[in-house]
Amino acid sequence: MSRALRVAQGSDREKTAERLLNSSADKFYDPEVDIDWQAPLRENMRYAPDHRISLYGTGLWDQLTPEQRIELGKHEVASIASNGIWFEVLLMQMLLKEVYRIDPTTRHAQYALTEIADECRHSTMFARAIERVGAPAYGPPPILKKLGRLLPVIGYGPALYGSILIAEEILDRIQRESMADENVQPLVRMVNRIHVLEEARHVTFARQEVVRGMENLRKWELPYQRLLIAAVAFAITRSLINPRVYKAVGLDPKHAAKVALENPHHQETLRWSGERIMKFLDEAGLVGAPGTRFWKASFLIA
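Residue numbers (the numbering used here): 6 to 307.
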């Protein structure tokens, strides 16, 4: 790559970071202040749209009472939120790794630090929401939590930022629908609204880094990048709903998790949640062999 092109890319990167810094200063939320944590939860009100619950459309769903369906929705929202904390902790580690190696006086480094601050608030917000609705912080299965420690070590380049995008954009699609649904608990809708607003800046930042990373990628690195991002996508989609949520409504976790995994409605929800990001990643060149089996197993592609 020519020096002129590198200079131009650096200038564009700094301009984007400057714009995002200004946006962050202009509009941000403090969940400790902007959410009424003492407001009572609405009785008999859903925590998520029924058609986004993992067992929707199955025989097990038909067996549940209306109250059990609401309860399952509550626990699935708690599982997604606690996995959101897991994703964001990994993201913060990866961003800190980036800041550690670059000039802190650049706008790029300063926006990365700003995003870390955002993610700290989001993680606290998710934790308080889980506590407020009265569900456990399920998090990912133990094996994925252990494997997640490797990501900040082995992740770099476009796959690193692409992995960030998968987690953020899947959550974003789910939360956008939920926050617009007046049948969903006001607390959940407000948490989703705050997260969606602030994640929009993070998505812009990460998308630009994916494009820049692919332009600078050496040919022999592409298979590794494709395999890494596909494996992370598989881990994300499989961890969203912890099997232990089913115990809350009297179902056998192992059996219910199998039913959910084979449920066409749940598989379609995952494909729907990843539509926008998969189109972007495919156009960027990150979707393909040797990661195809992981993509299909994640249900993000047919």
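We treat Cβ as the ideally placed atom computed from N, Cα and C, and that holds for glycine. Values in this document were obtained by computation on a predicted structure and should not be read as measured data.
{"Check": "Exposure label - Pro248; buried when at least 16 CB within 10 Å", "Outcome": "buried"}
{"Check": "Arg51 in three-state terms, based on DSSP", "Outcome": "strand"}
{"Check": "Segment limits, alpha helix (DSSP H) that includes Tyr105", "Outcome": "71 to 106"}
{"Check": "Limits of the alpha helix (DSSP H) - the one that Gln43 falls within", "Outcome": "No alpha helix (DSSP H) holds Gln43; DSSP gives it neither H nor E."}
{"Check": "Residue of Val193, Glu124, Asp257, Pro147 minimising C-alpha distance to Phe33", "Outcome": "Glu124"}
{"Check": "Assigned exposure category for Arg11 - 16 Cβ within 10 Å defines buried", "Outcome": "Confidence is the limiting factor: at Arg11 the pLDDT is only 46, short of 50, which leaves the residue's position unreliable, though a coordinate-based value still follows. Per the 10 Å Cβ criterion, exposed."}
{"Check": "Lys150 - containing alpha helix (DSSP H), residue span", "Outcome": "147 to 153"}
{"Check": "Option nearest Pro71 by Cα separation, candidates Leu25, Pro269, Trp300, Asp55", "Outcome": "Asp55"}
{"Check": "Test item: CB-CB of Gly144 and Lys150 under 8 Å", "Outcome": "yes"}
{"Check": "As assigned by DSSP and simplified to three states, the class of Val158", "Outcome": "helix"}
{"Check": "Meets three-Cβ-pair contact criterion under 8 Å: the region 156 to 172 and the region 182 to 196", "Outcome": "no"}
{"Check": "Cβ pair count under 8 Å reaching 3, the region 71 to 90 against the region 131 to 138", "Outcome": "yes"}
{"Check": "Alpha-carbon spacing of Glu120 relative to Asp35, whole angstroms", "Outcome": "14 Å"}
{"Check": "Residue span of the alpha helix (DSSP H) that contains Gln230, given as start and end", "Outcome": "227 to 244"}
{"Check": "First and last residue of the uninterrupted alpha helix (DSSP H) at Val201", "Outcome": "191 to 221"}
{"Check": "Cβ-based burial, Trp42 [other Cβ within 10 Å; buried from 16]", "Outcome": "exposed"}
{"Check": "Test item: CB-CB of Ile169 and Leu96 under 8 Å", "Outcome": "yes"}
{"Check": "Meets three-Cβ-pair contact criterion under 8 Å: the region 258 to 272 and the region 176 to 191", "Outcome": "no"}
{"Check": "Endpoints, the alpha helix (DSSP H) within which Lys284 is located", "Outcome": "280 to 289"}
{"Check": "Residues near Lys252 in its chain [Cβ-Cβ closer than 6 Å; skip 5 each side]", "Outcome": "Pro258"}
{"Check": "Burial state of Thr110, where buried means 16 or more other Cβ atoms lie within 10 Å", "Outcome": "exposed"}
{"Check": "Residue range of the alpha helix (DSSP H) that includes Lys259", "Outcome": "258 to 267"}
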